[in-house]
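J.: Sharing a structure below in structure tokens format, with a few things to ask.
In this note's numbering, the protein residues as written are 1040 to 1678.
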């Protein structure tokens, strides 16, 4: 697979309206407003007042010969207009104060076409599997007067999600690789292909393996055929459980210059903040600063956008003043490639060796002792003076599934000195992602009940800290992130005995991989490091939410797959919650719940003390203590 690394940027910038005849290197050529109305049925927010909702389509053009264009894989082969430019478009949604406002634009990179920030920061109850910007929740971002913006960066997501449209490269042919973990026992399964098969009458290559690092096999009884250009039917062999990994390799068509996602995101932001060089009228005003947040997939996207040099617009102006990649770990994305698959990302069992997780991992420039390369996420923006301030947040899950140790620690073991404009925070004991108000529960494939914790209290405080940082230079709290001797090899972790057993999780390991071969060729190993844990198995240090600092059970960022589903492999991103025993038992080495708190009042006092400590450290808002403590499980109750 081809992947374009970035160098120095130059080019054009922002706009909304009518096209001009002289092509620039990249710009918004038109902004078509499809609806503009009062938001939230006219609801007002403190002194800020009411909001309006603007929905539109941003149309772009880029010269493939421009410096930015040359960084987009496949752009030179894409169809062009009469001016020799490639045209594309993205859906945009804006929530703006009708009068005044804070001067800050809060831009969320959509996650698979959805908004997650409203569920996380505003505690919106309507966040879910569609794009929904109509529920303000408790109004946290609106009470602050911020302008909220989303724009599409993935294609083909459907009517309920925010997406973009890209031109198809006519006649494109290339090798595509799709991977499936069905978690079911059906003998024959029809699955969608990421790209159309170039020849649906040809047989694809199919292999199976029990776990990700096992050798690929082609046993008797395994076969695959295309049912049409968009689907493959896999007949599954005997001897493999429901969690087996099936890999299909085929000649595909329909490639697109997917890396234009970076241009679309950068240029929407550049345009709306009022940078020059665009051809359209900006529908909002008064933007002085821009903060970008990306959660999970979109956090990886933000890291990749900065890494590939797209935090500078076509005119060389900074795009985001601050970025907040949340739960991205050390990864980037599988976006600016031929036959890219931006939705895929590495976990220990699923998509283990997919593109998007190779060096560099850290923000400053370092030399990697494993690959021998020298690079950094902030290298290119440092050369153009367009680096954003960075608040990077990871949970316990990212240390197990996303190699988060590599963000702060060299593979050789020493801590990485972070730039002054970078902060790292470890949200200890929390799972990958939860909205506020969830509960622990059993899942089909995982051994333990899920971890219900949401890190909303700390993320709200850090969002306020980022806004102050970019607006007036007020520095946020010092980094709280495990490095060096706060990390150990996974086999050195002593887990507590629970239900008569000690768990033995292993993290998602990383190797240097050569992706010019399909499947990729594995090279040298990176050492695996995870946080030191306490007697309950929970990470020491880090930022603990009150329910984790005063727990009723152990909160883990990992879970394990059950028998019949690739047992022993890490199970998704749900994490685990395992309640403390009510009384002492040889089957559980953890201190019983009754010996931790004298009564309910003592438990509540411990929660409040933990919350007060976070407020004092600048990692929780005083206004959020009440609902955060009230939502804790009752003493002795299952979470």
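C-beta: ideal position from N, C-alpha, C; glycine also.
#1: Relative to the alpha-carbon of residue 1519, which residue among 1413, 1158, 1501 and 1506 has its alpha-carbon at the smallest distance?
#2: Tell me the DSSP secondary structure of residue 1572 in three-state form.
#3: Taking just the CA atoms, how far does residue 1647 sit from residue 1640?
#4: Helix or strand or just coil, what does DSSP make of residue 1621?
#5: For residue 1255, which three-state DSSP category applies?
#6: To the nearest angstrom, report how far apart residue 1236 and residue 1290 are at their CA atoms.
#7: DSSP state of residue 1261, grouped into three classes?
#8: I'd like the ranges of any beta strand (DSSP E) spanning at least 3 consecutive residues and lying wholly in the region 1107 to 1152.
#9: Name, in chain order, the residues that DSSP records as bridge partners for residue 1485.
#10: Is the beta carbon of residue 1275 sitting closer than 9 Å to the one on residue 1227?
#11: Counting Cβ pairs closer than 8 Å, one from the region 1492 to 1508 and one from the region 1152 to 1171, do we hit at least three?
#12: When the Cβ atoms of the region 1577 to 1588 are set against those of the region 1447 to 1459, are three or more pairs found closer than 8 Å?
#13: My parser needs the beta strand (DSSP E) runs of 3 or more residues fully inside the region 1514 to 1584; what are they?
#14: Name the DSSP beta bridge partners of residue 1092, please?
#15: Between residue 1636 and chain B, is any beta-carbon pair separated by less than 9 Å?
#16: Taking all protein chains shown into account, decide if residue 1631 is buried (16 or more other Cβ within 10 angstroms of its Cβ) or exposed.
#17: Buried or exposed for residue 1448, please, with buried defined as at least 16 other CB atoms from any protein chain shown within 10 angstroms of its CB.
#18: Report the rounded CA-to-CA distance for residue 1095 versus residue 1172, giving the unit in angstroms.
#19: Buried or exposed: which applies to residue 1593, given that a residue is buried once 16 or more other Cβ atoms fall within 10 Å of its Cβ?
#20: Fully enclosed by the region 1645 to 1678, which beta strand (DSSP E) runs are 3 residues long or longer?
#21: Using the three-state DSSP reduction, which class does residue 1364 fall into: helix, strand or coil?
#22: Are the region 1293 to 1306 and the region 1192 to 1210 touching by the rule of at least three beta carbon pairs closer than 8 Å?
#23: State the start and end residues of the unbroken beta strand (DSSP E) segment that holds residue 1217.
#24: Does DSSP put residue 1326 in a helix, a strand or coil?
#25: Determine the direct distance from the alpha carbon of residue 1186 to that of residue 1239, and round the result to whole angstroms.
#26: Can you tell me where the alpha helix (DSSP H) holding residue 1310 begins and where it ends?
#27: Got a sec? Which residues, its chain only, sit under 6 Å from residue 1219 by beta carbon, not counting five neighbours each side?
#28: Could you have a look at residue 1208 and say whether DSSP puts it in helix, strand or coil?
#29: Kindly list the residues whose CB is nearer than 6 Å to the CB of residue 1642, restricted to its own chain and excluding five residues on each side of it in sequence; keep chain order.
#30: Following the continuous alpha helix (DSSP H) through residue 1593, name the residue where it begins and the one where it ends.
#31: In whole angstroms, what is the alpha-carbon distance linking residue 1570 and residue 1438?
#32: Could you check the C-alpha separation between residue 1595 and residue 1260 for me, to the nearest Å?
#33: Thinking residue 1233 and residue 1557 are a contact (beta carbons under 8 Å), I'd like their distance in whole angstroms, please.
#34: Quick one: what does DSSP say residue 1340 is sitting in, helix, strand or coil?
#35: With a 10 Å radius around its C-beta and 16 neighbouring C-beta atoms as the bar for buried, classify residue 1453 as buried or exposed.
#36: Could you check whether residue 1316 and residue 1352 sit closer than 9 Å to each other, using their CB atoms as the reference points?
T.: This is what the structure gives:
#1: When each option's Cα is compared against that of residue 1519, the closest is 1501.
#2: In the structure shown, residue 1572 sits in a strand (DSSP, three-state: E or B).
#3: Their Cα atoms are separated by approximately 10 Å.
#4: If DSSP states are grouped into helix, strand and coil, residue 1621 belongs with coil.
#5: In the structure shown, residue 1255 adopts coil according to DSSP, grouped into three states.
#6: The straight-line gap from Cα to Cα measures roughly 6 Å.
#7: Coil.
#8: Taking 3 residues as the shortest admissible run, the region 1107 to 1152 contains the following complete beta strand (DSSP E) segments, listed from N- to C-terminal end: 1125 to 1136 and 1143 to 1148.
#9: Its beta-bridge partners are 1600.
#10: Contact: yes.
#11: Yes, the region 1492 to 1508 is in contact with the region 1152 to 1171.
#12: Counting Cβ pairs under 8 Å, fewer than three are found: no touch.
#13: Taking only runs of at least 3 residues, the beta strand (DSSP E) segments lying wholly in the region 1514 to 1584 are 1550 to 1553 and 1560 to 1564.
#14: DSSP, once it has assigned bridges, lists 1076 and 1134 as partnering residue 1092.
#15: Absent from the structure: chain B. Only one protein chain is present.
#16: The residue is exposed, with fewer than 16 neighbouring Cβ atoms inside 10 Å.
#17: With a 10 Å radius around the Cβ and a threshold of 16 neighbouring Cβ atoms, residue 1448 comes out buried.
#18: If you draw a straight line from the Cα of residue 1095 to the Cα of residue 1172, it is about 14 Å long.
#19: Counting the other CB atoms within 10 Å of its CB gives residue 1593 a total of 16 or more, which places it among the buried residues.
#20: Taken in chain order, the whole beta strand (DSSP E) runs of length 3 or more contained in the region 1645 to 1678 number zero.
#21: Note: residue 1364 maps to strand in three-state DSSP.
#22: Yes: the two stretches touch, three or more of their Cβ pairs being nearer than 8 Å.
#23: For residue 1217, the enclosing beta strand (DSSP E) starts and ends at 1213 to 1220.
#24: DSSP places residue 1326 in coil when its eight states are reduced to three.
#25: If I take the Cα positions, the gap works out to 48 Å.
#26: 1299 to 1311 is the extent of the alpha helix (DSSP H) around residue 1310.
#27: The residues are 1230 and 1285.
#28: Of the three classes helix, strand and coil, the one that applies to residue 1208 here is coil, per DSSP.
#29: The residues are 1636 and 1674.
#30: Segment 1592 to 1595 is the beta strand (DSSP E) holding residue 1593; no alpha helix (DSSP H) there.
#31: Cα to Cα, residue 1570 sits roughly 8 Å from residue 1438.
#32: Take the alpha-carbon of residue 1595 and the one of residue 1260: they are about 39 Å apart.
#33: Contact flag wrong, Cβ pair sits at about 13 Å.
#34: DSSP places residue 1340 in helix when its eight states are reduced to three.
#35: Counting Cβ neighbours within 10 Å, residue 1453 comes out exposed, since fewer than 16 surround it.
#36: Cβ atoms of residue 1352 and residue 1316: closer than 9 Å.
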